[in-house]
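Protein chains in written order, with this note's numbering: chain A, -7 to 95; chain B, 21 to 209. Don't be surprised by glycine CBs; every beta carbon is placed ideally from N, CA and C. Right, one structure below, let's go through it.
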């Protein structure tokens, strides 16, 4: 069965977690990647991180006792999902450009 | 200096209460503690904080909510206090206004907004059932007890049924919001 489309938030979270980041770092990174267009809210991010850990697409790293901030990083399975989503999005963009005549 | 204000907000007046707490903050009174009808403010510089009130499943002390509160603190959002209700809690959070100039938004996608609205809608069902059952029971005791008219039970019945009617209006608003979000979800994230 083909993978269902990821939400924009999940796509950007997975993209951000190629290096370990804590929640606030993810929000900042997503903001930078999307040039300020995507603003993740704290409650949405919290729910998404819990679901992604449950699915095994990201791992929660052991807590740093100094900062007490939990960091997360993408897993091999999460990376596969991200690559499949990228292929799906490329298909959308290619078809859009072909039929609308844009480049 | 601490200032105590007694004010009544019903459970469906969350937005109205939040607007009032933020107005107090804009005048230099930061909320430090809230009870069901009692609000305690400290004098602070005007517009230092911005407040957001949220409804969560489970009591404030539950392990899941404590984890969530810690996460919010990492985001610069502090839980000031919370009030427990059966199966849920009403949470007062705040952040520095310079960090959240447009207000604290906890949900940025439609799915999270739908989930939140569903919690509100289900809780309101509970309020409606309880007030309706209490109102009808008191009405029956006042009018049909087989002995004499009981004015105290009649007053209780009128108050509870009035509360029930207000809760039904609030629930209709909730369901309209939920329906709009679900329609929107069919087209957008």
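Quick one: what does DSSP say residue i is sitting in, helix, strand or coil?
{"i": "residue 119(B)", "result": "coil"}
{"i": "residue 64(A)", "result": "strand"}
{"i": "residue 86(A)", "result": "helix"}
{"i": "residue 1(B)", "result": "Residue numbering for chain B in the displayed model covers 21 to 209; residue 1(B) lies beyond these limits and cannot be assessed."}
{"i": "residue 167(B)", "result": "coil"}
{"i": "residue 13(A)", "result": "strand"}
{"i": "residue 138(B)", "result": "helix"}
{"i": "residue 63(B)", "result": "strand"}
{"i": "residue 160(B)", "result": "helix"}
{"i": "residue 56(A)", "result": "coil"}
{"i": "residue 32(B)", "result": "coil"}
{"i": "residue 76(A)", "result": "helix"}
{"i": "residue 202(B)", "result": "helix"}
{"i": "residue 44(B)", "result": "helix"}
{"i": "residue 23(A)", "result": "helix"}
{"i": "residue 178(B)", "result": "helix"}
{"i": "residue 29(A)", "result": "coil"}
{"i": "residue -1(A)", "result": "coil"}
{"i": "residue 1(B)", "result": "Since the displayed chain B opens at 21 and closes at 209, residue 1(B) lies outside it and no answer follows."}
{"i": "residue 21(B)", "result": "coil"}
{"i": "residue 8(A)", "result": "helix"}
{"i": "residue 35(A)", "result": "helix"}
{"i": "residue 93(B)", "result": "helix"}
{"i": "residue 82(B)", "result": "coil"}
{"i": "residue 209(B)", "result": "coil"}
In chain B, which residues lie less than 7 Å from residue i when you measure between Cβ atoms?
{"i": "residue 0(A)", "result": "209"}
{"i": "residue 15(A)", "result": "91, 94, 95"}
{"i": "residue 70(A)", "result": "Chain B residues near residue 70(A): none, gap ~19 Å exceeds 7 Å."}
For residue i, which residues of its own chain have a beta-carbon under 8 Å away from its beta-carbon, when the five flanking residues on both sides are left out?
{"i": "residue 65(B)", "result": "48"}
{"i": "residue 37(A)", "result": "1, 5, 15, 18, 19"}
{"i": "residue 159(B)", "result": "173, 174, 177, 181"}
{"i": "residue 170(B)", "result": "161, 162"}
Mind checking who residue i pairs with in its DSSP beta bridge?
{"i": "residue 26(B)", "result": "58(B)"}
{"i": "residue 110(B)", "result": "75(B), 103(B)"}
{"i": "residue 131(B)", "result": "According to DSSP, residue 131(B) bridges with nothing at all."}
{"i": "residue 50(A)", "result": "66(A)"}
{"i": "residue 69(B)", "result": "116(B)"}
{"i": "residue 98(B)", "result": "114(B)"}
Looking at the C-beta of residue i, does it have a partner C-beta in chain B at a distance below 8 Å?
{"i": "residue 67(A)", "result": "no"}
{"i": "residue 11(A)", "result": "no"}
{"i": "residue 47(A)", "result": "no"}
{"i": "residue 4(A)", "result": "no"}
{"i": "residue 35(A)", "result": "yes"}
{"i": "residue 39(A)", "result": "yes"}
{"i": "residue 78(A)", "result": "no"}
{"i": "residue 84(A)", "result": "no"}
{"i": "residue 32(A)", "result": "yes"}
May I ask you to check if the CB of residue i is nearer than 7 Å to at least one heavy atom of the ligand ATP?
{"i": "residue 40(B)", "result": "Ligands are entirely absent from the displayed structure, and the ligand ATP is therefore not among its contents."}
Who are the near neighbours of residue i in its chain, counting only those whose CB is closer than 7 Å to its CB and skipping five residues on each side?
{"i": "residue 46(B)", "result": "66, 67"}
{"i": "residue 48(A)", "result": "67, 69"}
{"i": "residue 101(B)", "result": "53, 54, 112"}
{"i": "residue 130(B)", "result": "201, 204, 205, 208, 209"}
{"i": "residue 52(A)", "result": "45, 62, 64"}
{"i": "residue 183(B)", "result": "151"}
{"i": "residue 97(B)", "result": "113, 115, 124"}
{"i": "residue 40(A)", "result": "1, 2, 5"}
For residue i, decide whether its Cβ has a neighbour in chain A, counting only Cβ atoms nearer than 8 Å.
{"i": "residue 129(B)", "result": "yes"}
{"i": "residue 82(B)", "result": "no"}
{"i": "residue 126(B)", "result": "yes"}
{"i": "residue 50(B)", "result": "no"}
{"i": "residue 9(B)", "result": "The structure shown has nothing for residue 9(B), since chain B only spans 21 to 209."}
Along chain B, in chain order, which residues have C-beta atoms closer than 8 Å to that of residue i?
{"i": "residue 52(A)", "result": "Simply none; closest approach about 11 Å."}
{"i": "residue 61(A)", "result": "94"}
Leaving out the 5 sequence neighbours to the left and right, which residues in its chain are closer than 6 Å to residue i when beta-carbon positions are compared?
{"i": "residue 41(B)", "result": "51, 71"}
{"i": "residue 24(B)", "result": "60"}
Cβ closer than 7 Å: which chain A residues qualify as neighbours of residue i?
{"i": "residue 88(B)", "result": "38"}
Can you list the residues of chain A that residue i reaches, using a CB-CB cut of under 9 Å?
{"i": "residue 199(B)", "result": "Under the 9 Å cutoff, chain A gives no residues; its nearest Cβ is about 21 Å from residue 199(B)."}
Within 8 Å of any Cβ in chain D, is that where the Cβ of residue i sits?
{"i": "residue 21(A)", "result": "Absent from the structure is chain D; the protein chains it does hold are A and B."}
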